[in-house]
Every structure is written in structure tokens, then in C-alpha cells.
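Take 1 as the starting number for the sequence shown in full-length UniProt numbering and just add one per residue.
Think of the CB as a built atom: it goes at the ideal place given N, C-alpha and C, for glycine as much as any other residue.
Below is one structure, written out as C-alpha cells; comments come after it.
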Amino acid sequence: MNPTQPPTIHPSSDPGARPARRLFISGTDTDVGKTFVACAMAKHYRHSGMQVGVYKPVASDCHAESEESGAELIAVDARNLWNAAGNPRSLDEVCPQRFRAPLAPTRAAAAEGKTVDADQLHQAAAPWLTGFDVTIIEGAGGLLSPLADGILNLDLARKMAPVQLVIVAANRLGVIHQTLATCAAAIHGGMTPAGIVLCDTAENLDASAHENAAEIARYTSIPILGRVGFGSSAVPWADHLLG
Numbered sequence: 001m002n003p004t005q006p007p008t009i010h011p012s013s014d015p016g017a018r019p020a021r022r023l024f025i026s027g028t029d030t031d032v033g034k035t036f037v038a039c040a041m042a043k044h045y046r047h048s049g050m051q052v053g054v055y056k057p058v059a060s061d062c063h064a065e066s067e068e069s070g071a072e073l074i075a076v077d078a079r080n081l082w083n084a085a086g087n088p089r090s091l092d093e094v095c096p097q098r099f100r101a102p103l104a105p106t107r108a109a110a111a112e113g114k115t116v117d118a119d120q121l122h123q124a125a126a127p128w129l130t131g132f133d134v135t136i137i138e139g140a141g142g143l144l145s146p147l148a149d150g151i152l153n154l155d156l157a158r159k160m161a162p163v164q165l166v167i168v169a170a171n172r173l174g175v176i177h178q179t180l181a182t183c184a185a186a187i188h189g190g191m192t193p194a195g196i197v198l199c200d201t202a203e204n205l206d207a208s209a210h211e212n213a214a215e216i217a218r219y220t221s222i223p224i225l226g227r228v229g230f231g232s233s234a235v236p237w238a239d240h241l242l243g
């Protein structure tokens with residue numbers, strides 16, 4: 001084996017015989033590349049021969065497939081995750097709670113005269129927690145964004161234990177503060193992140209982009225797993241989360 005390459009991870013012979021490894025992907029904010037990174041990880045594990053589950057507890061800014069059809073609402077992020085994982089189970093099970101308005105889930109639900117079912121956030125994950133080698137759970141918004149009344153992403157991540165928390169941050173000016181603050185909040189809330197991923201969310205990067213990883217590493221012991229280039233789906237560092 002080439003020592004410079006990460007080891008190939010093979011699926012268990014009977015994935016239903018043991019729980020899936022759980023990865024909770026959260027961000028420092030919204031629009032930081034969280035879904036892009038989660039999809040790249042799902043594809044990477046699937047192409048390594050693994051059975052991959054994906055779960056997004058709640059989504060807003062959903063739409064019908066066509067305005068005329070009146071079809072069921074589709075969460076684009078959930079569909080992207082589902083496709084990346086090879087279409088396991090059903091799309092409805094990937095994201096069971098979906099709302100139209102481009103607002104925080106609690107407010108998007110309220111706009112429809114509804115509420116986010118806090119119990120379902122955790123309970124609906126059950127089909128994804130066995131029968132897979134790894135299950136990727138993607139939160140909504142930043143780590144301290146609310147998913148339901150009184151429930152933050154961090155709260156749900158804790159309920160998913162045993163789980164590894166991965167923080168995705170947009171690789172741009174300001175990311176040092178955003179990342180350190182998010183990691184501090186996680187630790188204060190009882191979860192030490194397994195690692196940080198910097199995502200290039202634009203083709204033209206500002207001058208900080210090539211220095212941010214080193215600067216973040218100066219102030220935290222949480223490892224920087226890797227950097228995902230703009231439009232790139234290469235995530236070789238993902239293997240280390242399952243090592």
C-alpha cells in the first residue's frame with residue numbers, strides 16, 4: 001500500500017448487525033458549504049464500498065417540483081444528500097419535516113401555522129442508525145441555530161450520541177472568529193468537535209484563504225481535517241473520521 005494514501009475502508013459483511021457510525025455535520029453559519037461537504041463525504045464513503053445513510057432532520061426554503069402539480073415539498077439539500085449516498089431508503093425519510101419559507105425552521109413552520117415536532121427530530125433518525133456503515137446527519141444553519149422551540153443543532157447532536165461532530169466553515173475573511181467561537185460553544189455545550197473543514201465557497205478567494213487554516217490551528221487543539229476547494233469533491237481526510 002502506498003503510505004501516502006489513506007487506507008481503503010470496506011463495509012461490514014452484515015451492516016445490519018451493528019449500529020452505523022454517526023457523523024453530525026454542522027456549520028459556523030448558513031451558506032458555508034455544509035451540504036456540499038456532506039455530499040462529498042457521502043460520495044467518498046459510497047465509492048469506498050460502504051453503505052451510507054443520510055438524514056436531515058428539518059429543512060426550510062423547500063418547494064414543489066412544479067408549481068402547477070401541487071406536489072409534495074422537496075428539500076433540495078436533502079435530495080442532494082440522498083443522491084450522493086446512492087438513494088438509500090426514501091427521500092421522504094431523509095428529511096421528514098419540510099417547510100416553504102426561507103427562514104429558520106421554527107419561523108418557517110409558524111408561517112404555515114405549524115410547529116417543528118421536536119421529538120420527531122430525533123425519533124425519525126431511527127431508520128438510519130442501523131443497517132449502514134456510516135450515517136451522515138446534516139443540521140440546519142449554524143451549530144447554535146434553532147431547529148425547534150428550545151432545540152438547537154447542538155442539542156440534537158448530543159441526543160444522537162455516540163456521534164462525531166464535524167464543523168464546516170467558509171474559507172473567507174472572518175472564519176477564524178466564526179470557527180473558534182463555534183468550537184468554544186460546542187465544548188461549552190458538552191461536545192468536542194472531531195474536526196474542522198474549511199470550504200472554499202467562491203472561485204475568487206480573498207487574501208486570507210491560504211492563511212486561515214494555520215491561524216485557526218494556533219488557537220485550538222481541534223484538528224483541521226482538510227480544505228475543500230471550490231467545486232472539488234475530493235475529501236480524502238474523511239477516512240480519518242472512521243479510523
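Separation of residue j from residue i, as counted between CA atoms
| i | j | result |
| --- | --- | --- |
| A38 | G229 | 14 Å |
| A126 | I151 | 18 Å |
| A108 | L81 | 21 Å |
| A194 | D29 | 18 Å |
| P15 | V166 | Residue confidence for P15 is low, a pLDDT of 46 falling below 50, so the modelled location carries little weight and cannot support an answer. |
| E138 | G243 | 21 Å |
| E215 | A209 | 10 Å |
| H235 | L198 | In the sequence on display, residue 235 carries Val and not His. If I take the Cα positions, the gap works out to 11 Å. |
| A46 | I136 | Reading off the sequence shown, one finds Arg at residue 46, where the question assumed Ala. If I take the Cα positions, the gap works out to 12 Å. |
| A101 | C62 | 7 Å |
| D149 | S48 | 39 Å |
| S69 | R98 | Note on S69: pLDDT 49, under 50, position unreliable in the model; no value is reported. |
| L23 | L241 | 8 Å |
| residue 256 | A207 | One cannot answer for residue 256 here, as it falls past the ends of the chain, which runs 1 to 243. |
| E65 | S221 | 44 Å |
Environment of residue i [buried if 16+ CB atoms lie within 10 Å]
| i | result |
| --- | --- |
| S60 | buried |
| K159 | exposed |
| Q164 | buried |
| P105 | buried |
| S232 | exposed |
| L173 | exposed |
Identity of the residue in the options nearest residue i by Cα
| i | options | result |
| --- | --- | --- |
| C183 | A214, R46, A109, L144 | L144 |
| K43 | N87, E72, K56 | N87 |
| G27 | A84, A110, N153 | N153 |
| P223 | F132, V168, A207, A78 | V168 |
| L225 | E112, D239, V54, L121 | D239 |
| G142 | P19, R79, T179, K114 | T179 |
| E93 | A104, L73, A124, I74 | A124 |
| T130 | Y55, S233, L241, R218 | Y55 |
| R18 | G190, H188, W128 | W128 |
| V76 | A85, R89, S90, C95 | C95 |
| A140 | F132, V134, A157 | A157 |
| A84 | Q51, I196, D31 | Q51 |
Sheet register partners of residue i (DSSP bridge)
| i | result |
| --- | --- |
| G195 | V166 |
| P19 | T130 |
| S26 | I167 |
| E138 | I25 |
| I74 | H63 |
Where the alpha helix (DSSP H) containing residue i begins and where it ends
| i | result |
| --- | --- |
| R227 | No alpha helix (DSSP H) contains R227, which is instead part of the beta strand (DSSP E) from 224-228. |
| A104 | No alpha helix (DSSP H) holds A104; DSSP gives it neither H nor E. |
| T179 | 175-188 |
| E211 | Counting along the chain, E211 falls outside any alpha helix (DSSP H), and DSSP gives it neither H nor E. |
Beta strand (DSSP E) segment containing residue i, residue limits
| i | result |
| --- | --- |
| P146 | 146-148 |
| V52 | 52-55 |
Min CB distance residue i to chain D below 8 Å
| i | result |
| --- | --- |
| G141 | No chain D is part of this structure, which consists of one protein chain only. |
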